[in-house]
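What follows is one structure encoded as structure tokens, with my remarks underneath.
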Amino acid sequence: MDTKRRRACRSEVESGSGGLRKGNESVSFARFSYLLPDFEVERKDEKCIRCRVCERQCAFGVHRYDEELDRMFSAEEKCVGCQRCVVFCPTNALAVFP
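Those letters in the sequence shown? Residues 14 to 111, per this note's numbering, in order.
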């Protein structure tokens, strides 16, 4: 690609027009949503030993322990689906689904 075309391409990108030109015609790119899908966190209470490994491993604060109820809870709206809690759970009590 010659220098003149490279400069024209760069200025097109830097201008933020969001499209390409073909002759005098402008072609726009479609806009996509980069929002993460919702995830469902399934915990099998009969397998959960409340070791809180999931709580410590989750960088997004999905899992929390309630001392009063002696039970783990998951805030699914915070889940990004990384599966880290699933991998580290010693009893395979967790599953994450999109």
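Ideal Cβ placement from N, Cα and C applies to all residues, glycine included.
In this structure, does DSSP put residue i in helix, strand or coil?
i: residue 63; result: coil
i: residue 71; result: coil
i: residue 95; result: coil
Tell me residue i's beta-bridge partners as DSSP assigns them.
i: residue 108; result: 55
i: residue 83; result: Residue 83 is not bridged to any residue.
i: residue 77; result: 86
In terms of alpha-carbon separation, which member of the options lies closest to residue i?
i: residue 79; options: 65, 72 and 70; result: 65
i: residue 104; options: 92, 52, 62 and 51; result: 62
i: residue 74; options: 94, 58 and 59; result: 94
i: residue 70; options: 99, 89 and 59; result: 99
i: residue 84; options: 92, 60, 111 and 91; result: 60
i: residue 11; options: 56, 109, 111 and 110; result: This structure gives no information on residue 11, because the portion of the chain shown stretches from 14 to 111.
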